[in-house]
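Working notes, structure below.
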Amino acid sequence: MLSRVAGLFSARGYNIDSLCVAETLDPKVSQITMVTEGEDDTVEQIVKQLYKLIDVIRVTDHGPDNHVARELALFKVRTLPDSRAEVMRIVEIFRGKIVDVTPDSYAIEVTGGAEKIQGLIELLTPLGLEDVTRTGRIAVARGL
Amino acid sequence: MKLIGADILVRSLQEEGVDIVFGHPGGAVLEVYDAIHRCGIRHVLVRHEQGGVHMADGYARATGRTGVAVVTSGPGVTNAITGLATAYMDSIPLVCFTGQVPTPMIGNDAFQEADNMGLTRPVTKHNYLVKDVRDLAATIKEAFHIASTGRPGPVVVDLPKDVSKAVADYHYPETVDLEHYQPRYDAHWGQVKRAMALILKAERPVVYFGGGVITSNASKELLAFCERLKVPVTYTLMGIGGIPGNHQYSLGMLGMHGTYRSNKAVDECDLLIAIGARFDDRVTGKVDDFSPRSKKIHVDIDPTSIRKSVYVDVPIVGDVKNCLEKFLELMQDEPKLKDYETRVAPWWEKINAWDREHSIGYAQKEDGPILPQYVIDKMYEMTAGRAVVSTDVGQHQMWAAQYYHAQRPNDWVTSGGLGTMGFGLPAAIGAQFGRPKDTVVLVTSEGSFSMCCQELAVAVEHDLPIKILMLRNNTLGMVRQWQQFFYDKRYSHVDMSSGPDWVKFADAFGAVGLRASHPDEVESVLEKGFATRKPVIMDFVCRTEENCFPMVPGGAASRDMLHGEPSRG
Ligand SMILES: Cc1ncc(C[n+]2csc(CCOP(=O)(O)OP(=O)(O)O)c2C)c(N)n1
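Line by line, the protein sequences give chains X and W.
In terms of the working numbering, the first sequence opens at residue 1 and continues consecutively.
In terms of the working numbering, the second sequence opens at residue 1001 and continues consecutively.
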């Protein structure tokens, strides 16, 4: 299924900014969350094209607003004796968690919107940021 | 009843009413071929898998039924890709069974393994890998359903060798369980009424229709619609035959090599009624300049076709026939239609004036070289437009579209969307298998014909009396034409004069070869060829530098057409 969706995007020249695949409550059904950009008519066309895939059950365009989006990021920071405290303080401000500690590194877990994660990247870079792994965004619509 | 996968496959085909299969055997489908041998389903041994898929495609176009092809794994599948892509672009219903290495070997670079799912995904409407023999019958049922419903298209069923040998209880399902695949046939009444209101207000309406009319079997309704309104009608390459080409309301084809009046009418109309067409770039030319002053109605079964490249005011998603029936119902007691004819009369005058300004034509000189248009014209006269005509791709294809006025739907077999050279011969063979009593003509030229000419052996083997009009200009004509106009006559690799001798070629295959080198031989060769009960190649030695006019240069606005002097051969 993923290859059909990804293939559609590449064949028709649509961007994929991020993509996230997971199970749903029904184990036979999986959910793909994608972030893409385009004018309204492009997005409308993408939705119609996705519906054309035989296995697609439902497509929801969350639009620019009207939804809550989060992503999870894992950071690896090289720690020096004089920067440890500073890293910890920043992580706390961002309501992140330190999930692994070695004598010279921290692994940090943070969830949030894209801006928050970008902000954290900028703050940690001068302090010895070595690596970031991001899930890409997932979303739910607001309300029922 | 317990059966092995291969027998399930053949039984399922019989359940689907399949009367012919085009295929080529190989290691991965040995079991399937054994079952074909056992069950006696009609099978045609093709000479190349591309040809096989084109045959299934030509069969489908000429009959309206779903074509079936079988190919082996690896090279069998890669050879089939062009055929699948051709059918996909033109929305032709096909089911292609592909052999696959045994499931435990998949992904191991096994002998003759290819990623069939990955390779065929972009050129099919849907594809399946059958991993469990218990799913096979239901998968085949789904494949036929998906291929032939909604906007049709090719479907691949990939069958690993071990699955073809494995045993399961055979039961062919009566229905499919595809909750999320529900093509919308029923046109929305509200939209139809909105469209009708635009029609009633229009002063310069034009109908522009495409292959959707053929697919939906809606010729009768379309004709009734146009005759009721007395509107001018133009059509795409895929729409040919949707109404009789020489009907009094027909303007001929539009687009790159369409008629001047068609392109002018679309350019200046105030209402464009698009029916089962998709605003392809060969039709629109420069999109921003396409029919700039018109309101647009668009009927199509595929929602993605609507507003894909051109904005339309009233989209109607649904089956063309269903929608036209609704229009006809609305028109039945519509008082405002009384004076419609007088209202559009000035518009017709304009259109007729354009036709007098530039109509398509040629001037065959008695002692000059043969002009290909003349050959097609004579063939049209001879068949009265009632043959099945298959074409290849190039100048000859456009001339056939311009001069052969097909009278009926499903009589015109051409590769429109993909423009596949080599399509013509195998497609003609498939069409002749599907329509054994009808005259099948192939209009081709040496470049295209060379690409699948080996399939002539199939026509000979099965005694198919296909009439092959080889409009031989000793060049890749359409490419040469572009090089002449846009590359200052730098003719780069378009020369085809080295042969073969097509009369000898025909002879070597056991077909009949005839040649006309002078205009006065054209009719007698056609007569002789059409009287032959074997496949026949009629080799017409044509003028090399003949050009196909009118022409909208690529990317130009369609009103900026080039008109040639009618050439004097
Ligand atoms: C498989 C394939 N390769 C290349 C092309 C590009 N092409 C389009 S028309 C043409 C020339 C066709 O020559 P011929 O079949 O002799 O027809 P003519 O134009 O001379 O009538 C070519 C090379 C194509 N359409 N299909």
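In this text, a Cβ means the ideal position worked out from N, Cα and C, and glycines have one as well.
Tell me which residue opens and which closes the alpha helix (DSSP H) that residue i is part of.
i, result
"Gly151(X)", "What is shown of chain X runs 1 to 144, which leaves residue 151(X) out entirely."
"Cys1039(W)", "1030 to 1039"
"Ile1008(W)", "1005 to 1015"
"Arg95(X)", "Segment: none, Arg95(X) is in no alpha helix (DSSP H) and carries neither H nor E."
"Glu1221(W)", "1219 to 1229"
"Pro1519(W)", "1519 to 1531"
"Phe1209(W)", "Segment 1205 to 1209 is the beta strand (DSSP E) holding Phe1209(W); no alpha helix (DSSP H) there."
"Arg4(X)", "2 to 11"
Using a Cβ-Cβ distance under 8 Å, would residue i count as near chain X?
i, result
"Ile1146(W)", "yes"
"Gly1118(W)", "yes"
"His1247(W)", "no"
"Pro1553(W)", "no"
"His1126(W)", "yes"
"Lys1141(W)", "no"
Can you confirm whether residue i, when its beta carbon is compared against all beta carbons of chain W, has any partner nearer than 8 Å?
i, result
"Asp26(X)", "no"
"Cys20(X)", "no"
"Ala11(X)", "yes"
"Arg137(X)", "no"
"Ile54(X)", "yes"
"Ile57(X)", "yes"
"Ile16(X)", "no"
Which residues in chain X sit within 8 Å of residue i, going by Cβ to Cβ distance?
i, result
"Arg1121(W)", "Ser3, Arg4, Gly7"
So which residues of chain W does residue i contact, with C-beta pairs closer than 9 Å?
i, result
"Val43(X)", "Here the premise fails: no neighbours, minimum Cβ distance about 12 Å."
Applying a beta-carbon distance threshold of less than 7 Å, which residues of chain W neighbour residue i?
i, result
"Lys48(X)", "Pro1303, Thr1304"
Residue i lies in the beta strand (DSSP E); which residues open and close that run?
i, result
"Tyr51(X)", "Looking at the DSSP string, Tyr51(X) is not in any beta strand (DSSP E); the run it does join, the alpha helix (DSSP H), is 40 to 52."
"Lys1161(W)", "Looking at the DSSP string, Lys1161(W) is not in any beta strand (DSSP E); the run it does join, the alpha helix (DSSP H), is 1161 to 1165."
"Gln1454(W)", "First-last for Gln1454(W): undefined, no H or E at that position."
"Ser1250(W)", "1250 to 1253"
"Leu25(X)", "Taken as a continuous stretch (DSSP letters only), Leu25(X) belongs to no beta strand (DSSP E), as it is neither H nor E."
"Ser1390(W)", "1388 to 1391"
"Gln31(X)", "30 to 35"
Do residue i and ligand 2 come close, with the Cβ less than 7 Å from some heavy atom?
i, result
"Val1314(W)", "Among the ligands in the structure shown, ligand 2 does not appear; only ligand 1 can be found there."
Along the segment 1299 to 1310 of chain W, what residues have a CB closer than 7 Å to any CB found in chain X?
Under the 7 Å Cβ criterion, the segment 1299 to 1310 of chain W contributes Pro1303, Thr1304, Arg1307, Lys1308.
Closer than 7 Å between beta carbons: that is the criterion. Which residues of the segment 1179 to 1192 of chain W meet it against chain X?
Of all residues in the segment 1179 to 1192 of chain W, only His1180, Tyr1181 come within less than 7 Å of chain X when Cβ atoms are compared, listed by chain position.
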